[in-house]
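Encoded as structure tokens, the structure appears first; notes follow it.
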Amino acid sequence: MGNICQCCGAREKDPSWLPDYASGGNTQHGYALAKNDRQRMEDAVLIHDNIAGNACFAVFDGHGGEKATLLAKQFLPEQLEHHLQQDCSKEEAAQQAFVAVDELMQNKLAEEAKQFTVGTSSGTVTCVALLQADELVIINLGDCRAVLCENGKVSTTTQDHSPEKNDLEHQRLKGLGVNVEGGYVDGRVQVSRALGDIVDKTGKKIHGLSSMPDVTVIKVKPTTEFVILATGGVWDGLREQLAVTTARKVLRETKSAEGAATAVLEAAGKATKADNAAVIVLALNVPEPLPKRDPAQNRFRLSSKTVVRKGVLVRALLEGDDIDLVEAFSRLMLNLHGSKPGGPLGAAHRGPRATWNCEFLTFQTRESNTRVELVLSQPWLMHAHCLAMAETKPDEVLSLQPPDTLLLPMPMKAPSSPPQASAVVSPPVMTPPSSAMSPKSPKSPRWKRFGLAVGSGNLSSGNSVMAAESEQLKKKLITRLVEKGGATLEDFYWQDGCAQRVARSPLFHHATLFMIVLYAVWIAVDADGNPASVLVDAPLEYQIPEHVFCTYFFVEWFIRFLAFQSKRMALRDRWFVFDTVLVSLNVAETWVLTIVLAMSHSNADTALGGTSSLRLIRLMRLSRLARTARLLQLVPELMIVVKGMVACLRSVVVTACLSHALYGLFCTLYVFGVVLKQMAE
Numbered sequence: 001m002g003n004i005c006q007c008c009g010a011r012e013k014d015p016s017w018l019p020d021y022a023s024g025g026n027t028q029h030g031y032a033l034a035k036n037d038r039q040r041m042e043d044a045v046l047i048h049d050n051i052a053g054n055a056c057f058a059v060f061d062g063h064g065g066e067k068a069t070l071l072a073k074q075f076l077p078e079q080l081e082h083h084l085q086q087d088c089s090k091e092e093a094a095q096q097a098f099v100a101v102d103e104l105m106q107n108k109l110a111e112e113a114k115q116f117t118v119g120t121s122s123g124t125v126t127c128v129a130l131l132q133a134d135e136l137v138i139i140n141l142g143d144c145r146a147v148l149c150e151n152g153k154v155s156t157t158t159q160d161h162s163p164e165k166n167d168l169e170h171q172r173l174k175g176l177g178v179n180v181e182g183g184y185v186d187g188r189v190q191v192s193r194a195l196g197d198i199v200d201k202t203g204k205k206i207h208g209l210s211s212m213p214d215v216t217v218i219k220v221k222p223t224t225e226f227v228i229l230a231t232g233g234v235w236d237g238l239r240e241q242l243a244v245t246t247a248r249k250v251l252r253e254t255k256s257a258e259g260a261a262t263a264v265l266e267a268a269g270k271a272t273k274a275d276n277a278a279v280i281v282l283a284l285n286v287p288e289p290l291p292k293r294d295p296a297q298n299r300f301r302l303s304s305k306t307v308v309r310k311g312v313l314v315r316a317l318l319e320g321d322d323i324d325l326v327e328a329f330s331r332l333m334l335n336l337h338g339s340k341p342g343g344p345l346g347a348a349h350r351g352p353r354a355t356w357n358c359e360f361l362t363f364q365t366r367e368s369n370t371r372v373e374l375v376l377s378q379p380w381l382m383h384a385h386c387l388a389m390a391e392t393k394p395d396e397v398l399s400l401q402p403p404d405t406l407l408l409p410m411p412m413k414a415p416s417s418p419p420q421a422s423a424v425v426s427p428p429v430m431t432p433p434s435s436a437m438s439p440k441s442p443k444s445p446r447w448k449r450f451g452l453a454v455g456s457g458n459l460s461s462g463n464s465v466m467a468a469e470s471e472q473l474k475k476k477l478i479t480r481l482v483e484k485g486g487a488t489l490e491d492f493y494w495q496d497g498c499a500q501r502v503a504r505s506p507l508f509h510h511a512t513l514f515m516i517v518l519y520a521v522w523i524a525v526d527a528d529g530n531p532a533s534v535l536v537d538a539p540l541e542y543q544i545p546e547h548v549f550c551t552y553f554f555v556e557w558f559i560r561f562l563a564f565q566s567k568r569m570a571l572r573d574r575w576f577v578f579d580t581v582l583v584s585l586n587v588a589e590t591w592v593l594t595i596v597l598a599m600s601h602s603n604a605d606t607a608l609g610g611t612s613s614l615r616l617i618r619l620m621r622l623s624r625l626a627r628t629a630r631l632l633q634l635v636p637e638l639m640i641v642v643k644g645m646v647a648c649l650r651s652v653v654v655t656a657c658l659s660h661a662l663y664g665l666f667c668t669l670y671v672f673g674v675v676l677k678q679m680a681e
């Protein structure tokens, strides 16, 4: 989320007045914030112990500079204090306070808007929590988000105010006649509600931008454990349930809200650090601490064929008696420690997610343990990314079975009829199957011995999970794996700025597609009617279109190059490298060669030294036809057609070769038959 004026760098020169990195708090509340990979810090937190009898906690996510965030931190406590003392509900008081804060900020930010060429001041969004006794009031404005945890699960989340994520906001802006193309409000900001964002020409807010927050009043129950307030930089790389699980784990182990906030911030940073991030964890009813474990009994097993270096093993974030199996596996596969954006699978496998072959197979309940078998058909998945838990419960054993099976015991809810205290059940040790019996075989006696029947829905008689539930879990897991998605090219773009906005725009892609098609037609016209070998000798009506096309393709390439946050990442896109070569050849022929010939004051034949150089120039001009290959990237349907034609061509070639071979054999037999008959006579 950001303002388009940031791409010019005008607001990056001065140092920020906000701290780049900080953390603090106590057992009841904690905060953490980080600048990450951005050049300046625009996020902030606010903690106030008494505002009209309420404890106040707030996170701010600024854009276009930090001034709006600083002003909001200054004015918001005063206005909340004033309006909460009025004879009205907390919902009305909060809304009136936000409107008053926005009015106070307008005069301060009007001067800032005049300093920048785009004529727009900085702005900020916020999420506020007011706590008084057992009443919690959540005030949300923009794309900051509050997540409430009850019994380890996400209970309540606020709705982001964005035309892309919120249909109601999209309809509201459309009703006001506001342009929301590309997810930007009036072409300026990516949120539909914010404080600040004053336009220099009018002295008022961006058209359609609202300062009216959503207010939610929540009754704190004994099961309400904590609430997380965080800016967009956290939620861009972290799902709500994973944030809740991460914070809950730290709270149960250390009872430190500051540690929980830091853990959430670090978990988000493992996925992406493209934006500033700030998070507050407010503990309401701290969960019971985790039972102590005997380090001597902690164990894990790895087969000899599994390559795992020292220091690679990490916790898979599987903890808690009420963990959901599908949620646990989603976190195991997509959110392991140290993974790149898109998860470990996306980082290692560049192919489309639809080609994965993951099967959710069999469940077996043994007292308080549930064993789940996940078969991964690609061996590299296991060797590269099946990271085990370094610390497991005493009754848990993890075994990686070669070549491609992962067995993972996981805790879940205790059974309805718990076992007697005197009964001690030792979990079976999962030994690798023999080479003669594949682990995938449903007839393996070793699997049968432990009640593991491989195959979707083929459950053993002792299994407490029904086949229908198994199918539902399988579908949910595959859906989550596909929806998570791997890292795409646009993941390496800047999160704000003109270049990335243009590069992501559908209009930009359509215009490029149109120019490529038009250029393909022009190549045919030029080849048929242009008698000159080089552009400088061509008639004027042939030179002008060439310069127009060269200019457009160079600008298009330059915009996409600027959109990359790290320019080295551009080399990972094969289409971008391919386009770079074509643009270089086009610029060399259209501009460089024209300038060289113009400076030499001679014709092409004299300057280039004869026909050999002219033939080379003609070959360079033929390379322009390669640009039409980009249609395969912009129109994926064409790639399907081309692949079909290649497959058909392969069949035709094989058929033709066989036909010629049979024809040659027939001719040979015929000739030998005639010769032998003559010799016999």
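No gaps in the numbering here: position 375 of the sequence shown is 375 in the UniProt record's numbering, and each next residue is one more.
Positions of the beta carbon are idealized from the N, C-alpha and C atoms, including for glycine.
Less than 8 Å between the beta carbons of residue i and residue j, yes or no?
i           : j           : result
residue 524 : residue 563 : no
residue 239 : residue 289 : no
residue 229 : residue 59  : yes
residue 565 : residue 268 : no
residue 178 : residue 142 : no
residue 68  : residue 109 : yes
residue 35  : residue 20  : yes
residue 105 : residue 46  : no
residue 279 : residue 261 : yes
residue 501 : residue 53  : no
residue 271 : residue 233 : no
residue 236 : residue 144 : no
residue 63  : residue 496 : yes
residue 225 : residue 127 : no
residue 23  : residue 98  : no
In three-state DSSP terms, what is residue i?
i           : result
residue 29  : strand
residue 127 : strand
residue 184 : coil
residue 506 : helix
residue 83  : helix
residue 225 : strand
residue 239 : coil
residue 284 : coil
residue 66  : coil
residue 40  : coil
residue 24  : strand
residue 600 : helix
residue 146 : strand
residue 669 : helix
residue 498 : helix
Within 10 angstroms of its Cβ, does residue i collect 16 or more other Cβ (buried), or is it exposed?
i           : result
residue 648 : exposed
residue 188 : buried
residue 657 : exposed
residue 417 : Since pLDDT at residue 417 reaches only 39, below the 50 mark, its modelled position is unreliable, and no value is offered.
residue 213 : buried
residue 140 : buried
residue 642 : exposed
residue 661 : exposed
residue 94  : buried
residue 41  : buried
residue 215 : buried
residue 138 : buried
residue 547 : exposed
residue 663 : exposed
residue 586 : buried
residue 670 : exposed
Is residue i near the ligand FMN - that is, is its Cβ less than 7 Å away from at least one heavy atom of it?
i           : result
residue 231 : Within the structure as shown, the ligand FMN is missing, as the structure has no ligands at all.
What whole-angstrom Cβ distance do residue i and residue j have, given they're in contact under 8 Å?
i           : j           : result
residue 264 : residue 246 : 5 Å
residue 219 : residue 134 : 6 Å
residue 199 : residue 162 : In fact, because the Cβ distance is near 20 Å, the residues do not count as touching under 8 Å.
residue 56  : residue 80  : 7 Å
Taking only beta-carbon atoms, is residue i less than 8 Å away from chain B?
i           : result
residue 258 : Absent from the structure: chain B. Only one protein chain is present.
Next on the checklist: With a threshold of 8 Å, are at least 3 pairs of Cβ atoms found where one atom belongs to the stretch 23 to 32 and the other to the stretch 86 to 98?
Outcome noted: No: fewer than three Cβ pairs fall under 8 Å.
Next on the checklist: I want to know whether the stretch 500 to 508 touches the stretch 572 to 592 - three or more CB-CB distances under 8 Å.
Outcome noted: In short, these stretches do not touch, since the Cβ pair count stays below three.
Checklist entry - So, do the stretch 511 to 531 and the stretch 544 to 558 have three or more beta carbon pairs nearer to each other than 8 Å? => result Remark: three or more beta-carbon pairs, one from each stretch, lie closer than 8 Å, so the stretch 511 to 531 and the stretch 544 to 558 are flagged as touching.
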